[in-house]
Amino acid sequence: MITSPVSPLTDGVRPRPSEMKGSNRLLQRMRGEFVEMPGLTLTLSQAARLWSLTTADAKVALTELIDGGFLMRDPQGLYRRRGSCPRCE
597 MITSPVSPLT DGVRPRPSEM KGSNRLLQRM RGEFVEMPGL TLTLSQAARL
647 WSLTTADAKV ALTELIDGGF LMRDPQGLYR RRGSCPRCE
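When we follow my numbering, the leftmost residue of the sequence shown carries the number 597, and every step to the right adds one.
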């Protein structure tokens with residue numbers, strides 16, 4: 597398994613793409629960040645850096661949150677919480 601600098605998000609271990617799907621702990625942490633910061637809007641690269649993930653892993657997790665109806669991706673490619681910007685939807 598690939599390891600990365602210790603992060604409270606991953607406990608020092610970066611999840612592999614195959615482990616991303618259904619990773620409740622990671623997805624809960626990501627949801628929590630968007631809930632705590634209602635205006636949070638991130639690019640894919642910013643999300644990867646924020647959660648110490650590879651770009652591919654971040655995309656898998658963000659897609660899962662979109663598929664679950666929690667996030668949306670706007671036409672500029674920015675990820676935001678669904679309902680946080682009424683004119684954006």
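C-beta: ideal position from N, C-alpha, C; glycine also.
Residue pairing by DSSP places residue 668 opposite 676 in a beta bridge. Per DSSP, the beta bridge partners of residue 638 are 675. Secondary structure note for residue 650: it is in no alpha helix (DSSP H), with a DSSP letter that is neither H nor E. As the crow flies, the alpha-carbon of residue 652 is around 18 Å from that of residue 627. Residue nearest to residue 648 within the set 679, 625, 678 and 672 is 625 (criterion: CA-CA distance).
Judged by DSSP secondary structure, residue 626 falls within the alpha helix (DSSP H) whose first and last residues are 620-632.
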